[in-house]
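Inspection log for the structure reproduced underneath, given as structure tokens.
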Amino acid sequence: METIVEDKYSIASKSNILQVEAFGPFNDKVTEKYIEDMYGACDQFLGKPWGLLIAFYGNSVFSPEAEEALIKVNKYRVQKGLVANASVLIDSSTADIQQLQLRRIYQACNITFYIFSDINNAKSWLEQYLQYR
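Residue numbers (our numbering): 529 to 661.
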């Protein structure tokens with residue numbers, strides 16, 4: 529399964545990992561579409577343990593409304609078997625703020641997570657984490 533929307537994000541599943549690429553800040557319309565697509569993508573794992581590898585490109589600071597929506601979708605992900613998240617911040621001048629926001633989101637959902645600056649390291653960490661679950 530692969531979904532690409534308006535050059536703003538892509539969602540693809542590879543085995544027990546859901547890979548997401550998100551480009552720049554989302555407006556409200558794109559945020560709503562992303563959440564809708566994410567609900568569908570999570571259903572494919574049928575409650576079996578899986579991980580999320582998400583790469584954020586550019587300055588993707590979330591509005592308070594978007595942060596709340598992401599907490600909601602992450603709680604849904606956990607219900608559908610999400611056990612770990614590897615987030616990657618790429619080409620961002622707001623990485624410190626993004627890290628704080630992601631930490632709040634993932635901690636609110638009790639998700640094991642790690643934040644990286646390199647996709648290969650993030651993928652390796654996530655694969656190893658899932659292997660020993």
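Built from N, CA and C at the ideal position, the CB exists for glycine as well.
Cα-Cα separation, residue i to residue j
{"i": "G568", "j": "A540", "result": "11 Å"}
{"i": "D565", "j": "E549", "result": "13 Å"}
{"i": "D624", "j": "R661", "result": "30 Å"}
{"i": "P553", "j": "E560", "result": "13 Å"}
{"i": "F551", "j": "Y604", "result": "23 Å"}
{"i": "I633", "j": "K576", "result": "22 Å"}
Residue i, DSSP secondary structure in three states
{"i": "S645", "result": "coil"}
{"i": "G568", "result": "helix"}
{"i": "I544", "result": "Reading off the sequence shown, one finds Asn at residue 544, where the question assumed Ile. It is coil, neither helix nor strand."}
{"i": "I617", "result": "Going by the sequence as given, residue 617 is Leu instead of Ile. Here L617 sits in strand by DSSP."}
{"i": "L580", "result": "strand"}
{"i": "T622", "result": "coil"}
{"i": "L574", "result": "coil"}
Cβ distance (whole Å) where residue i is taken to contact residue j below 8 Å
{"i": "L630", "j": "S615", "result": "5 Å"}
{"i": "L574", "j": "L546", "result": "So it is not a contact: roughly 13 Å between Cβ atoms."}
Beta-carbon proximity of residue i to residue j, cut-off 8 Å
{"i": "L610", "j": "I643", "result": "no"}
{"i": "C570", "j": "K542", "result": "no"}
{"i": "N613", "j": "I639", "result": "yes"}
{"i": "V589", "j": "C637", "result": "no"}
{"i": "F584", "j": "Q626", "result": "yes"}
{"i": "G586", "j": "D619", "result": "yes"}
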